[in-house]
């Protein structure tokens with residue numbers, strides 16, 4: 004126990020930080036003795052050895068100043084000395100001069116908690132003039148820091164052998180809630196970081212802002228991130244109080260190398276808590292490709308988001324989506340990847356996103372959709388893309404602007420741009436884009452309610468065009484009103500025989516999807532609820548099966564674009580591998596036809612192992628002959644019943660058009676049989 008001059012000067016433990024703060028505040032305001040009361044002075048211990056010590060604690064001594072150094076103040080002046088070995092003749096250090104004994108005791112109490120463990124462990128590394136001055140100056144600015152924090156800042160690693168220091172390794176300071184590991188990361192000292200972790204510092208601690216050491220490291224360097232050793236650790240995806248992950252902070256600071264390092268360690272690309280499976284080799288191979296990629300825009304990093312906002316090419320966009328990136332993830336401005344790609348005019352990336360299921364109607368913080376941006380840029384190509392994928396052509400942003408208004412009010416000087424603007428207005432008009440109901444300051448003839456300009460067609464045949472206008476006026480309204488009347492006046496459940504037949508024709512199936520979009524919009528119900536029977540052949544069979552398994556029309560549209568990009572490549576016959584992979588991804592490898600409960604579905608194919616070939620119908624219900632108990636006499640191998648027939652194989656066989664793909668051979672009850680095959684009808 005230290006020798007006290009007065010018991011009344013003992014500081015309660017709970018109030019120590021406040022007392023330290025008050026004490027250092029006084030020193031900062033210049034109170035105390037002399038012009039530089041806190042300057043560390045190198046003194047001769049022999050000048051103090053014979054004096055009466057007022058107070059002693061470890062290497063600290065409070066002594067009265069020599070008479071020739073006492074100021075004119077009537078109070079006795081005191082000096083705080085540190086000297087490791089009182090009985091030796093070595094030099095000592097004067098840490099403080101003050102007129103008040105209480106100030107000297109307060110300083111001793113504050114300094115002792117920091118310096119005693121450091122001096123005991125590090126000796127001369129700490130007990131020298133320059134180091135003492137730096138430590139004490141720093142301590143006066145960081146009054147809530149403990150000895151472990153000071154160790155982390157200055158790198159006194161020998162002190163990690165001290166029990167007092169180890170006990171404070173996972174204790175926060177009070178002002179910002181920082182832990183020693185936060186401090187070491189903040190100054191980017193990899194050696195100290197590694198030593199702290201080896202000594203037991205936790206990597207999942209958080210400060211008052213919810214930041215882990217990794218959050219801070221993400222804004223520093225790759226070396227600092229690696230020093231934390233967080234591979235596949237949940238801390239990679241922990242969010243701070245602002246709901247930001249380390250990956251998001253790295254992006255905001257435009258640290259592309261840090262971003263790549265974080266995803267290699269296991270950061271979730273969608274800023275979710277789940278860490279990718281370390282055993283998923285396919286995933287990590289794709290991550291390596293993404294890390295090595297050069298076509299990543301550093302201009303968009305600071306806006307946040309994810310890789311789907313930053314990549315520049317279709318190939319990289321596909322890679323990101325294959326890795327599970329959410330195409331509808333938003334950045335700091337609430338923009339999805341579609342918004343960013345429109346602003347950067349990356350058409351191939353936009354089509355890829357739309358094909359892979361990105362929502363075309365997502366609005367940013369201003370209520371702006373991607374179609375608003377495309378129209379404002381007078382891009383006919385982008386406008387067509389968003390119209391095809393079902394973007395709301397009459398969406399209104401927070402300024403009351405529609406895409407048509409933005410196109411019509413766009414000021415252009417160049418003739419080519421003016422022509423493009425007129426095409427955009429025409430495209431929007433032909434699909435029913437409304438004029439402005441409320442006049443805005445920038446309204447023009449192309450959007451004013453009383454305006455007459457409807458844009459300029461991309462191409463025009465006058466006679467056909469005039470007849471088409473007449474047809475539209477005569478038929479469109481009557482047809483739509485008739486359909487709506489039937490839907491609205493239908494009462495109760497009726498046994499009906501509503502049949503939807505879907506033809507094949509490869510990529511021409513896109514026309515069918517657009518027709519189904521319109522039908523669905525008019526009826527106000529999903530397509531599979533509107534029909535009792537759905538049949539299809541070839542790619543029409545794909546469409547039928549997708550609708551019956553609960554996929555949306557947009558999902559079907561995406562499938563067709565995937566077929567175009569990944570299957571119909573090169574010379575015929577096309578490779579069946581990519582087709583089969585797409586079908587398995589869509590339907591699941593083990594899903595069977597009988598799992599489709601409603602509506603009834605028929606998919607056509609041909610039994611090609613006989614002459615003449617026979618029609619075969621894949622069904623999700625028992626065939627009439629099975630219901631009647633009639634067994635067909637057939638020398639050929641029988642086909643699978645619905646509860647054994649896989650859905651993806653059904654689609655594969657219906658799509659096995661001669662000259663396009665080889666026939667499907669895996670539909671027999673004996674799947675290893677080579678005796679026959681099925682092809683599309």
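In the numbering used here, the protein residues as written are 4 to 684.
Ideal placement from N, C-alpha and C gives every residue a C-beta, glycine not left out.
All values derive from a computational prediction rather than experimental measurement.
Taken atom to atom, the span from the alpha-carbon of residue 247 to that of residue 422 is near 44 Å. Distance from the Cα of residue 100 is smallest, within the candidate group 170, 67, 366, for 67. Nearest C-alpha to residue 381 among 405, 415, 401: 415.
Counting of Cβ neighbours within 10 angstroms places residue 111 among the buried residues, the total reaching 16 or more.
Pairing residue 315 with residue 298 gives a Cβ-Cβ distance under 8 Å. With fewer than 16 other Cβ atoms inside 10 Å of its own Cβ, residue 521 counts as exposed. Within the same chain, Cβ atoms closer than 6 Å to the Cβ of residue 334 are found at 306, 307, 308, 312, the five residues on either side in sequence being excluded.
If one requires a minimum length of 4 residues, the alpha helix (DSSP H) runs lying completely within the segment 345 to 370 are 350 to 358, in chain order. Around the C-beta of residue 657, 16 or more other C-beta atoms lie within 10 Å, and the residue is accordingly described as buried.
Three or more beta-carbon pairs separated by less than 8 Å are not found between the segment 339 to 348 and the segment 283 to 290, which leaves the two stretches without contact. Looking at the DSSP output, residue 97 sits in a beta bridge with 44, 84.
Just so you know, the alpha carbons of residue 206 and residue 116 end up roughly 25 Å apart.
Note on the segment 95 to 168: there is no whole beta strand (DSSP E) run with a minimum of 3 residues. Residue 345 is positioned such that its CB atom lies closer than 8 Å to that of residue 377.
Three or more beta-carbon pairs separated by less than 8 Å link the segment 588 to 608 to the segment 618 to 628, which places the two stretches in contact. One alpha carbon belongs to residue 626, the other to residue 570, and they sit about 33 Å apart. The alpha-carbon separation between residue 549 and residue 515 amounts to approximately 13 Å.
The residue from 272, 267, 357 with its alpha-carbon nearest to that of residue 234 is 267. The beta carbons of residue 162 and residue 211 sit no closer together than 8 Å.
Here residue 503 carries a strand assignment [DSSP, helix/strand/coil]. Boundaries of the alpha helix (DSSP H) harbouring residue 319: 317 to 325, taken from the DSSP string. Using a C-beta cut-off of 8 Å, the segment 519 to 534 makes contact with the segment 552 to 570, since at least three inter-stretch Cβ pairs fall below that distance.
Distance from the Cα of residue 663 is smallest, within the candidate group 594, 573, 183, 650, for 573. Excluding sequence positions up to five before and after residue 501, its CB lies within less than 8 Å of the CB of 533, 534, 535, 536, all in the same chain and listed in chain order.
The residues 448, 449, in chain order, have a CB closer than 6 Å to that of residue 456 in the same chain once the five nearest residues on each side in sequence are set aside.
Within the same chain, 147 come within 7 Å of residue 178 by CB-CB distance, once the 5 residues on both sides are set aside. Residue 257 sits in coil when the DSSP states are folded into three classes, being neither helix nor strand. Apart from sequence neighbours up to five positions away, the residues of its chain that approach residue 597 with a beta-carbon distance below 7 Å are 623, 645, 646, ordered along the chain. DSSP places residue 206 outside both helix and strand once states are collapsed to three, so it counts as coil.
The beta carbon of residue 197 sits closer than 6 Å to those of 230, all from its chain and outside the five residues before and after it, given in chain order. When DSSP reads this structure, residue 66 sits in a beta bridge with 82. In the DSSP secondary-structure assignment, residue 437 is not bridged to any residue. Cα atoms of residue 257 and residue 214: separation of roughly 18 Å, rounded to the nearest angstrom. The DSSP-derived three-state label of residue 608 is strand. Listed in chain order, the non-local C-beta contacts of residue 125 below 7 Å within the same chain comprise 159, 161, 162, local neighbours out to five positions each way being set aside. With respect to the C-alpha of residue 538, the residue from 310, 430, 601 having the closest C-alpha is 601.
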